[in-house]
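J.: Structure in structure tokens, see below.
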Amino acid sequence: MRSDVADRIKDLVTALVLAGVAIGGFLFINPKGAAVTEGPGGLSWRSLPFIYSGLLLALTVVYASISMIGLRRALRNRMDAAVATLEHPPLTDQRRTDLRRLATVACLVLYATTLPMFGFALTTPVLLLALFFVFGRTNLFANLTLSLLGGFLLWLLFVGILKLPLRGEVFDPLTPFMSNTLRAMGL
22 MRSDVADRIK
32 DLVTALVLAG
42 VAIGGFLFIN
52 PKGAAVTEGP
62 GGLSWRSLPF
72 IYSGLLLALT
82 VVYASISMIG
92 LRRALRNRMD
102 AAVATLEHPP
112 LTDQRRTDLR
122 RLATVACLVL
132 YATTLPMFGF
142 ALTTPVLLLA
152 LFFVFGRTNL
162 FANLTLSLLG
172 GFLLWLLFVG
182 ILKLPLRGEV
192 FDPLTPFMSN
202 TLRAMGL
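Numbering (my numbering), first residue to last: 22 to 208.
Put into structure tokens, the structure is as follows:
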């Protein structure tokens, strides 16, 4: 079993790796200086990786900040518990953590396989809802609300703004409806 401090340190190492990947996205895009041609909306094959690298770096900064705050709390709680009981702090349930990791990977694999069939608009809220339950959130109304809102905002970013073709091949009634609604609103 590992302590919360060790988990937070692993989170910080993960944040460093993610920051390296994001910075690599800035440094290694078009290393030979090939000509860049503009596409629809002024985007090019070079600008999208820059956007993704910037978003990844921004989210990594948020993740690292949250991990640092959690590490500081874990260290403080560990010291308080050690002083109060003169024992080691309680260890986390490693089996539950491993099952959650396995369930997360299973959800992501299922999401990746169903995305081409059912489209982004249908599969993303289902993934978010499943992950909320995997991580122990039990409030069905709050989970459903966050899943639908998060799915819509992600769809708006990737399909509405970045114009990525994420429509389902088998069954996807939401993407045409949402696209037509955005066009009707003039967006």
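Glycine is no exception: its CB is placed at the ideal position from the N, C-alpha and C atoms.
Applying the 10 Å Cβ sphere with the 16-neighbour rule, what's the burial state of valine 180?
T.: buried
J.: Mind checking phenylalanine 141: buried by the 16 CB within 10 Å criterion, or exposed?
T.: Counting the other CB atoms within 10 Å of its CB gives phenylalanine 141 a total of 16 or more, which places it among the buried residues.
J.: Could you tell me whether the Cβ atoms of phenylalanine 71 and leucine 143 are closer together than 9 Å?
T.: no
J.: Quick check for students: name the residue ranges of the alpha helix (DSSP H) that lie wholly in the stretch 139 to 176, counting only runs of 4 or more.
T.: 141 to 155, 161 to 176
J.: Taking a contact to mean a Cβ-Cβ separation below 9 Å, would you say phenylalanine 153 touches leucine 167 in this structure?
T.: yes
J.: Can you find the residues in the same chain that come closer than 7 Å, C-beta to C-beta, to methionine 199, ignoring five residues on each side of it along the sequence?
T.: Ala142, Trp176
J.: In whole angstroms, what is the alpha-carbon distance linking threonine 135 and glycine 157?
T.: CA-to-CA, the gap between threonine 135 and glycine 157 works out to about 24 Å.
J.: Please state whether the Cβ-Cβ distance between alanine 39 and leucine 77 is less than 9 Å.
T.: Strictly speaking, residue 39 in this sequence is leucine, with alanine absent from that position. The answer is yes: Cβ separation under 9 Å.
J.: Keeping to the same chain, check which residues put their C-beta closer than 7 Å to that of valine 34; ignore five residues upstream and five downstream.
T.: none
J.: Whose C-alpha, out of Val83, Phe47, Gln115, is nearest the C-alpha of aspartate 28?
T.: Gln115
J.: Identify the continuous alpha helix (DSSP H) that holds aspartate 193 and give its terminal residues.
T.: Careful: aspartate 193 lies outside any alpha helix (DSSP H) and carries neither H nor E.
J.: Using a threshold of 9 Å, state whether the C-beta atoms of alanine 85 and alanine 43 are closer than that.
T.: no
J.: Specify the secondary structure class of lysine 31 as computed by DSSP and reduced to three states.
T.: helix
J.: Run the CB neighbour count on threonine 202, radius 10 Å, all protein chains shown included, and call it buried at 16 or more, exposed below.
T.: In this structure threonine 202 is exposed. Its beta-carbon is surrounded by fewer than 16 other beta-carbon atoms within 10 angstroms.
J.: Quick one: what does DSSP say isoleucine 50 is sitting in, helix, strand or coil?
T.: coil
J.: Return the chain-ordered list of same chain residues with a C-beta closer than 8 Å to the C-beta of cysteine 128, the five sequence neighbours on each side being excluded.
T.: Leu148, Ala151, Leu152, Val155
J.: Please report the straight-line C-alpha distance between alanine 205 and isoleucine 182, rounded to a whole angstrom.
T.: Distance between the alpha carbons of alanine 205 and isoleucine 182 is about 15 Å.
J.: Since leucine 169 and proline 146 should fall inside the 8 Å C-beta cutoff, what is the C-beta to C-beta distance between them, to a whole number of angstroms?
T.: Confirmed, about 5 Å.
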